[in-house]
Amino acid sequence: MDEILQHNQLSIEKSHCGRRGVQFEQTQQHASAYLPQSCLRKTAPNLPELSEFDTVRHFTRLSQLNYSLDGQFYPLGSCTMKYNPKAYDVLSVLPQFAQAHPFAPQSALQGTLRALYELQEGLKAITGLAAFTLQPAAGAHGELTGILTVRAYHESRKDFERCEVIVPDTAHGTNPATANMAGYTVVNIKSGPDGCVDLEALQATLSNKTAAVMLTVPNTVGLFEKNIRQIAELVHKAGALLYMDGANFNALIGLAKPADFGVDVMHLNLHKTFAAPHGGGGPGSGPVGAAAHVAKFLPKPFVVKENGVYKLEADRAESIGKMKAFYGNAAVCLRGLCYLKQFDATTLKTIAEKAILNANYVRAKLKGKFNAFFDTNCMHECVLSIDPHAMNGVHTSDVAKRLLDYGFYAPTIYFPLIVPEAMMIEPTETESKEMLDAFVTALEKIYDEIQTNPELVKAAPHTQCVERIDEVSAARQPNLRW
Amino acid sequence: MFTPHTSQDEQQMLQTLGISSLEELLTQIPAALRTKDFNLPSALTEQQLTAYLHELATQNKPLKNFIGAGCYEHFIPAAVPALSGRGEFLTAYTPYQAEASQGTLQTIYEFQSCICALMEMDVATASHYDGATALAEAVLACGRITGRKEILVSALLHPHYKEVLKTYTKHSGLTISEVKATENGTLDVNALQTQISAATACVVLANPNFLGYVEQAEKIEEITHGAGALLTALVNPISLGVLQTPGSYQADFAVAEGQVLGNPMSFGGPGLGILTSKKAYMRQLPGRMVGIAKDHQGRRAFVLTLQAREQHIRREKAASNICSNEAICALNAVIYLTLLGPQGLKEVAELNVERAHQLAEKISQVKGFSVLKKDPFFNEFVVQCPVAAAEVIEKMAERGIAAGYDLGTTCASMKNCLLVCATEMRTEKDLQAYADALGGI
Amino acid sequence: MYNQENCRFAKTHEWAFAEGDVAVVGISNHAQEEISDIVFVDLPKVGQKTEVGKNCCVVESVKSASEIYAPVSGEIVEVNEALNADPALVNREPHGNGWLFKIKMANPAELDNLLDFNAYQATIAK
Numbered sequence: 006m007d008e009i010l011q012h013n014q015l016s017i018e019k020s021h022c023g024r025r026g027v028q029f030e031q032t033q034q035h036a037s038a039y040l041p042q043s044c045l046r047k048t049a050p051n052l053p054e055l056s057e058f059d060t061v062r063h064f065t066r067l068s069q070l071n072y073s074l075d076g077q078f079y080p081l082g083s084c085t086m087k088y089n090p091k092a093y094d095v096l097s098v099l100p101q102f103a104q105a106h107p108f109a110p111q112s113a114l115q116g117t118l119r120a121l122y123e124l125q126e127g128l129k130a131i132t133g134l135a136a137f138t139l140q141p142a143a144g145a146h147g148e149l150t151g152i153l154t155v156r157a158y159h160e161s162r163k164d165f166e167r168c169e170v171i172v173p174d175t176a177h178g179t180n181p182a183t184a185n186m187a188g189y190t191v192v193n194i195k196s197g198p199d200g201c202v203d204l205e206a207l208q209a210t211l212s213n214k215t216a217a218v219m220l221t222v223p224n225t226v227g228l229f230e231k232n233i234r235q236i237a238e239l240v241h242k243a244g245a246l247l248y249m250d251g252a253n254f255n256a257l258i259g260l261a262k263p264a265d266f267g268v269d270v271m272h273l274n275l276h277k278t279f280a281a282p283h284g285g286g287g288p289g290s291g292p293v294g295a296a297a298h299v300a301k302f303l304p305k306p307f308v309v310k311e312n313g314v315y316k317l318e319a320d321r322a323e324s325i326g327k328m329k330a331f332y333g334n335a336a337v338c339l340r341g342l343c344y345l346k347q348f349d350a351t352t353l354k355t356i357a358e359k360a361i362l363n364a365n366y367v368r369a370k371l372k373g374k375f376n377a378f379f380d381t382n383c384m385h386e387c388v389l390s391i392d393p394h395a396m397n398g399v400h401t402s403d404v405a406k407r408l409l410d411y412g413f414y415a416p417t418i419y420f421p422l423i424v425p426e427a428m429m430i431e432p433t434e435t436e437s438k439e440m441l442d443a444f445v446t447a448l449e450k451i452y453d454e455i456q457t458n459p460e461l462v463k464a465a466p467h468t469q470c471v472e473r474i475d476e477v478s479a480a481r482q483p484n485l486r487w
Numbered sequence: 057m058f059t060p061h062t063s064q065d066e067q068q069m070l071q072t073l074g075i076s077s078l079e080e081l082l083t084q085i086p087a088a089l090r091t092k093d094f095n096l097p098s099a100l101t102e103q104q105l106t107a108y109l110h111e112l113a114t115q116n117k118p119l120k121n122f123i124g125a126g127c128y129e130h131f132i133p134a135a136v137p138a139l140s141g142r143g144e145f146l147t148a149y150t151p152y153q154a155e156a157s158q159g160t161l162q163t164i165y166e167f168q169s170c171i172c173a174l175m176e177m178d179v180a181t182a183s184h185y186d187g188a189t190a191l192a193e194a195v196l197a198c199g200r201i202t203g204r205k206e207i208l209v210s211a212l213l214h215p216h217y218k219e220v221l222k223t224y225t226k227h228s229g230l231t232i233s234e235v236k237a238t239e240n241g242t243l244d245v246n247a248l249q250t251q252i253s254a255a256t257a258c259v260v261l262a263n264p265n266f267l268g269y270v271e272q273a274e275k276i277e278e279i280t281h282g283a284g285a286l287l288t289a290l291v292n293p294i295s296l297g298v299l300q301t302p303g304s305y306q307a308d309f310a311v312a313e314g315q316v317l318g319n320p321m322s323f324g325g326p327g328l329g330i331l332t333s334k335k336a337y338m339r340q341l342p343g344r345m346v347g348i349a350k351d352h353q354g355r356r357a358f359v360l361t362l363q364a365r366e367q368h369i370r371r372e373k374a375a376s377n378i379c380s381n382e383a384i385c386a387l388n389a390v391i392y393l394t395l396l397g398p399q400g401l402k403e404v405a406e407l408n409v410e411r412a413h414q415l416a417e418k419i420s421q422v423k424g425f426s427v428l429k430k431d432p433f434f435n436e437f438v439v440q441c442p443v444a445a446a447e448v449i450e451k452m453a454e455r456g457i458a459a460g461y462d463l464g465t466t467c468a469s470m471k472n473c474l475l476v477c478a479t480e481m482r483t484e485k486d487l488q489a490y491a492d493a494l495g496g497i
Numbered sequence: 038m039y040n041q042e043n044c045r046f047a048k049t050h051e052w053a054f055a056e057g058d059v060a061v062v063g064i065s066n067h068a069q070e071e072i073s074d075i076v077f078v079d080l081p082k083v084g085q086k087t088e089v090g091k092n093c094c095v096v097e098s099v100k101s102a103s104e105i106y107a108p109v110s111g112e113i114v115e116v117n118e119a120l121n122a123d124p125a126l127v128n129r130e131p132h133g134n135g136w137l138f139k140i141k142m143a144n145p146a147e148l149d150n151l152l153d154f155n156a157y158q159a160t161i162a163k
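Chains as they are written, first to last, in our numbering: chain A, 6 to 487; chain B, 57 to 497; chain C, 38 to 163.
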C-alpha cells in the first residue's frame, strides 16, 4: 500500500489549488477598504490547500505512525509515562474553562480561580511546603522559576557574593542549564560509589559562594538520597538553599514530604506525577513550591482566597516578577487537580508503592541477563548498564531500537551520564504484571539474539515505517521546512 | 486508582523479589522521613469528579467576549481538537526515538513549514511556552549575536511581555529601555532614532502593538539596521492573513503567540510560543527542531536535529534550559492552518478587520465615547470613555458583556481608556448589542 | 599539510603548527575519531582575542558538543570558512584542510609548553 499511497507525503504535496477545509462568511468589503495598501501582505502564504476530509485522513494517518502510551508500554526512565485518564481530557476543556479569558472580570472566573487555588492547596498538603505557584509552563521553566526565587532570596538579604550552584553529576541537563540562565556558575560534584551524593565532596564544595544545591530526589540512578537530612543541614549551614528537582516525585508521593527533608524550593511536573499527558513534547506544567522564608519571592500573581472569593493577587513587592504571560497552563493544571481529587490520605501512597514495586520487579527479573548498575533495591526506576564487549558489540542504542520491533517503546538511554551504556527503565504504577512480564520476555529474547545473531540487533529496528535514520546528514544540511 | 495489581499479582511479585511485604522496599526512605498525615479531602470517583468539575465550571460566568489584549477568541473547526486529541498524538512522548515517532515528527516539520510560510521567515522551532517567553529567548539570542547590551522595547509591547522580558534578562547583563509612543497609538519613530546607538543589540517591535495598531515597520527596520542592531518583531499570526509579514520588513527574529491558531483561550494557558529567525541565526534558536533525513534505505524520514544546541547535550553551556514545549498546541495550529489554507486565513483575517472597524464605528456614535483611529488597526482599538474604564467594564458585565481590557491597570494616564476587540466570533448583532449596552450605562 | 610530527599538542587534543608568529590550530586525529561524524563547527570571530586554555570554538557531532581550547594566546586572524560548507573536513583531514583557525601569537614561547607528537601519543595511549 505504501508504494501506492506514500505513507509520509507532506500536506503541501497533497495540496490542490482551490481546495479548502473551512470557509468563513464573506465580508462586505476587503481589508484594503479599511487599511492602507502599505501595510498589507503582498503574497499569499505557501500553505497547503486541502479539504476537511483530506486533512482528517492526513493527520489520522500520521497519528498511526506513532507509538503512544495509549497503544504501547513506555518504559522511559525519568519520564513517568503513566496512564492519562480519559475523564480529564473531557473535564479540563469544559466550555466554561476553555472559553475563560484571562482578563475577564474575576467575578466571572471564580470556577477557574477556585480550581487553581485548590490545586495549590493540594500540592502544599502533599509536599508540606508553605506556598505553590502554578505559573511555570514546564519542568525546566519551573526550575528557572525556582532558581530565580533562590537568587531573589539571597539578594533580599544583601548577600551578593553567592554566585555558584552545585549540581551533582547525575543531574538532568536542565539543572545546569537552568543555573546558567539565572546567571550562576555551575559547579559539578561527583557522586559516591553508592550512586548518592558524596557528603565529603559536597562539604568541600560548599562555601559562602554557594547559592543553592540542586538535587533530584530520588536521584537519576533511581536511588533515594539517604543522607538528604544531612545534606540539607550542610547546605543550610553554608547559608545556601536546597532546591529539589521533583521530576521523580512519583517515587515519593504519599510516602514522604519534601518539606521534612529540609527542601527550600522545588518543582513538580504535572505531566509526570499528576497524569497529564506528554502530548509528544508538551504542554506541561511545572508548579514551584517554596518554604515559608522563600515564598514571598515566587512569581506574581498568586491565586488567593479572601472572604470566600478567589482572586489574582498581583501586589507582591518582593516577587521575581512574571515567568510567562497571563497565569499558567491552566488547562494542564485542571488535569492535575482532577488527578489529585481521585486520591485521599490513605490511597495516595499506592501510587509510589506500586511504582517502586514495578521497577524492582523488572530489575529482579532481568538480573543475570541485563544487570542493574547499582545492585540494590531501587525506587521508581532501575538503571541497567550494558557492556558491549560482553554483548558481541551490541550497544544500548541497539537494544533500544530492537525493543521497538517487539512493540515496546525504548527506555531512556545513555542517561545518567555516570552509568556507561545506561538503560533507564521506569514502568510506573499503572502497568500490570502481565505487561511487565511481556517486556521482560522481549528483553530476554533480545539477549538471546545478541548471543546468536548480534547483527540482527545492531540493524534494528526492522518493523517500523522507517529504518535507522541518517542523523549526520540531517544535521550537516538541515532541511527544516518546505 | 489506576493501579492494576491484584493481591495475587502483588504476592507473586514480592515472591520474585524474595520479600514478604511491600514495606521492605520502602525502607530506602529513612523511617524518620516517612509521613502518614496528609491533609486531603476524601477521594472522588470518576462520576463524582465529573459532577465536581461541572460545578466548578458553572462558577465561571459566560460573558460575550470583547477582550483581546494578547489572548483571543477565534473559531476552532471541530476537526482540530478531534485530530489533536487522538491518543496517538496526545499520549506520545517527545519524539526522541525517531523510528517510532514519525507521526509527531512530521507534524512538527509541517508546523515549522506553515509558520515560516505565514511569517515569511526562514526557520521556526517546534514551539516555546508562549509568546512572552519566545520573545525573551529571541532577545537573549540578539544579545549573544551582537555582543551588545542594550535592548530597546516599544512602549506598546504587552505589559506581561515586558514583565517576562525583565525577569528573563535580569541576570544576563542586558538593559532594557522603552521607546515611547505617539498620541496616535503607535511607536514614536523619532524617539527611536534618538535612542538607538551602537550599543543597541535589538529593537523589539510589537505589530500590531498592544493597543491594536499597525506600526510603520519599514521605517523602524531602516532605523534599526542602520544602527547595526537586530529587529525582533512580535506579531499576531491571524493578522498575517492581511498584514505585511515580519519577513517582508526584514525582521531578524519574529515571535508570536500562536494560541489564536486553533487553541482555546483557557484562561491564558497553555499558549503557543512561536519562535522564528533568519537562516543565519538558526543555531542561536533554543528548543527542538525537526528536519528531514533519510533512513538506511534512502526513504524520507523525520528526525529531531541540531540537538547539540540543547541542554541535554550542552548542559550549562546551552543557550536555554527548555525541554518540554507546547507540542499539542503546535499540532492544533498546524491542523488549523491546513484546514484554512491561504484563502481561509485571508478570509478570517478580513472578517476580523471588518468586525473591528464596524464596532469602532458603532462605538464612535455612542454619546461620550470616542475611538482612537488615526493609525490603522487590525481587530483591536482604544476607546476613550467618559468615565473610568473599570466602571464601564463593571456595568457592561452586568449586561452580560466583557467590554474590554482596562488600560488604566497598566498606565495611570489611560484610566478612562478601554481596549476593545472584535474577532470573527462577534456577529453584527453582537456589535449592535455592545453599542446599545454602552449607550445604556 | 600540517604534518603531525611537526605539530605541538595540548592535553585537551588541540594541535598548533607554527608558521612564523602565526599558529594554525586544529584537533588531533584521535580527537576527531572520538567525536566521530562532525556536523558543525562553531568558529571564533576574526579579531577575537584569546588566551591559552580559553575555549574559543565548538565542534559538534549529532550527540555531542566539544569545546576547543586555544593552545596559545593571541588574536584570531583567520578561520577556516570551508568548514561551514563541509564540517566533515575535520574528520577527513584533521591535519590538513580540516584546520580550524589561525592565531597571531602573543607569546610564541608558549608553544614550548605544549607536548610534542610522541609525548601526546603517550598521553592518549594511557
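Just so you know, even glycine gets a beta-carbon here, dropped at the ideal spot from N, CA and C.
Whole-angstrom distance between residue 326(A) and residue 222(B), CA atom to CA atom: The sequence position of residue 222(B) within the second sequence is 166, counting from 1. The sequence position of residue 326(A) within the first sequence is 321, counting from 1. Those two C-alpha atoms are separated by around 8 Å.
Buried or exposed for residue 422(A), going by 16 or more other Cβ atoms inside 10 Å? For the purposes of this step, residue 422(A) is taken as the residue at position 417 of the first sequence. Burial call: exposed.
Given residue 109(C), which residues of its chain have a CB within under 7 Å of its CB, disregarding the five upstream and five downstream residues? Here residue 109(C) corresponds to residue number 72 of the third sequence, with the count starting at 1. Answer for residue 109(C): 53, 60, 89, 140, 142, 147 and 148, listed in chain order.
The ligand SAM heavy atom lying under 7 Å from the CB of residue 160(C): Questions concerning the ligand SAM fall outside what the structure shown contains, since it holds no ligand whatsoever.
With burial defined as no fewer than 16 other Cβ atoms inside 10 Å of the residue's Cβ, what is the status of residue 370(B): buried or exposed? Residue numbering aside, residue 370(B) sits at position 314 when the second sequence is read from its first letter. Answer is buried; the Cβ neighbour count reaches 16.
Look at the Cβ atom of residue 329(A), then the Cβ atom of residue 185(B), and state whether they are nearer than 8 Å. Here residue 329(A) is taken as the residue at index 324 of the first sequence, counted from 1. Here residue 185(B) is taken as the residue at index 129 of the second sequence, counted from 1. Taking 8 Å as the Cβ cut-off, residue 329(A) and residue 185(B) qualify as a contacting pair.
Against chain C, with Cβ distances strictly below 8 Å, would residue 480(A) count as a contact? Stepping through the first sequence from its first residue, residue 480(A) is reached at position 475. It does: the Cβ of residue 480(A) has a partner Cβ on chain C nearer than 8 Å.
Suppose the cutoff is 7 Å on Cβ atoms and the five residues either side in sequence are ignored; what does the same chain contact list for residue 584(B) look like? No statement about residue 584(B) is possible, as the shown extent of chain B runs from 57 to 497 and does not include it.
When the cut-off is 8 Å and only beta carbons count, does residue 373(B) lie next to chain C? Within the second sequence, the letter at position 317 stands for residue 373(B). At least one chain C Cβ lies under 8 Å of residue 373(B).
Give me the subset of the segment 107 to 118 of chain C whose CB atoms are less than 7 Å from a CB atom of chain B, sorted by chain position. none
Stretch-stretch touch, CB-based, cutoff 8 Å, three pairs: the segment 348 to 358 of chain A with the segment 334 to 347 of chain B: no
Please name the residue, chosen from 409(B), 457(B) and 462(B), that lies closest to residue 40(A) on a Cα-to-Cα basis. Here residue 40(A) is taken as the residue at index 35 of the first sequence, counted from 1. Nearest option by C-alpha distance: 409(B).
Return helix, strand or coil for residue 398(B), following the three-state DSSP convention. Indexing the second sequence from 1 puts residue 398(B) at position 342. Correct three-state label for residue 398(B): helix.
How would you write the range of the beta strand (DSSP E) that residue 347(B) sits in, first residue to last? Along the second sequence, read from residue 1 onward, the residue named residue 347(B) stands at position 291. Where residue 347(B) is concerned, the enclosing beta strand (DSSP E) stretches over 346 to 350.
Identify, in the order they occur along the chain, each residue of the same chain with its Cβ nearer than 7 Å to the Cβ of residue 235(A), setting aside the five sequence neighbours on each side. As a working mapping, residue 235(A) is identified with position 230 in the first sequence. Excluding sequence positions up to five before and after residue 235(A), its CB lies within less than 7 Å of the CB of 204, all in the same chain and listed in chain order.
Between the C-alpha atoms of residue 65(C) and residue 132(C), what's the straight-line distance to the nearest angstrom? Locating residue 65(C) in the third sequence gives position 28, counting from the first residue. Locating residue 132(C) in the third sequence gives position 95, counting from the first residue. Answer to the nearest angstrom: the Cα atoms are 7 Å apart.
Quick check: the segment 357 to 373 of chain A against the segment 408 to 426 of chain A, are there 3 or more CB pairs under 8 Å? no
One or two residues paired with residue 92(C) in a DSSP bridge: Taking the first residue of the third sequence as 1, we reach residue 92(C) at position 55. Looking at the DSSP assignment, residue 92(C) forms a beta bridge with 106(C).
Quick one: measure Cβ to Cβ for residue 230(B) and residue 207(B), integer angstroms, because I've assumed they're closer than 8 Å. Taking the first residue of the second sequence as position 1, residue 230(B) is located at position 174. Taking the first residue of the second sequence as position 1, residue 207(B) is located at position 151. With 8 Å as the limit, residue 230(B) and residue 207(B) qualify as a contact, their Cβ atoms being about 5 Å apart.
Quick one: measure Cβ to Cβ for residue 196(A) and residue 431(A), integer angstroms, because I've assumed they're closer than 8 Å. Counted from its first residue, the first sequence places residue 196(A) at position 191. Counted from its first residue, the first sequence places residue 431(A) at position 426. So it is not a contact: roughly 19 Å between Cβ atoms.
Just the chain E side, please: which residues come within less than 8 Å of residue 101(C) by C-beta, in chain order? Annotation note: the requested chain E is absent from the structure, which comprises protein chains A, B and C.
4-residue-minimum alpha helix (DSSP H) runs that sit fully inside the segment 86 to 147 of chain A, ordered along the chain: 91 to 96, 100 to 103 and 115 to 132
Residue of 430(B), 445(B) and 262(B) minimising C-alpha distance to residue 215(B): Taking the second sequence and counting its residues from 1, the one referred to as residue 215(B) is at position 159. The candidate whose alpha carbon is nearest that of residue 215(B) is 262(B).
Using a C-beta cutoff of 8 Å, does residue 160(A) count as contacting chain C? Numbered from 1 along the first sequence, position 155 holds the residue referred to as residue 160(A). No, no contact with chain C.
Who are residue 352(A)'s beta bridge partners in DSSP? Translated into the one-based positions of the first sequence, residue 352(A) becomes position 347. In the DSSP output, where bridge partners are listed per residue, residue 352(A) has none listed.
Hey, would you say residue 257(A) sits closer than 8 Å to residue 383(A), going by beta carbons? Stepping through the first sequence from its first residue, residue 257(A) is reached at position 252. Stepping through the first sequence from its first residue, residue 383(A) is reached at position 378. Against a cut-off of 8 Å, the Cβ pair of residue 383(A) and residue 257(A) comes out as no contact.
Quick check on residue 272(A): buried or exposed, where buried means 16 or more other Cβ atoms within 10 Å of its Cβ? For the purposes of this step, residue 272(A) is taken as residue 267 along the first sequence, with counting starting at 1. It is buried - the Cβ of residue 272(A) has at least 16 other Cβ atoms within 10 Å.
Could you give the first and the last residue of the continuous beta strand (DSSP E) run that contains residue 429(A)? Here residue 429(A) corresponds to residue number 424 of the first sequence, with the count starting at 1. From DSSP, the beta strand (DSSP E) with residue 429(A) extends over 427 to 430.
Looking at residue 168(A) and residue 214(A), is the spacing between their C-beta atoms short of 8 Å? Against the first sequence, residue 214(A) aligns to sequence position 209. Against the first sequence, residue 168(A) aligns to sequence position 163. Contact check for residue 214(A) against residue 168(A) passes: the beta carbons are separated by less than 8 Å.
Closest by CA to residue 216(A), which one among 105(A), 199(A), 223(A) and 187(A)? Within the first sequence, residue 216(A) is the residue found at index 211, counting from 1. Per the Cα distances, 187(A).
For the segment 143 to 161 of chain C, which residues have a beta carbon sitting closer than 9 Å to at least one beta carbon of chain A? Those would be none; no residue qualifies.
Report yes if the C-beta distance between residue 158(A) and residue 246(A) is below 8 Å; otherwise report no. By 1-based counting over the first sequence, the position of residue 158(A) is 153. By 1-based counting over the first sequence, the position of residue 246(A) is 241. In this structure, residue 246(A) lies closer than 8 Å to residue 158(A) by Cβ.
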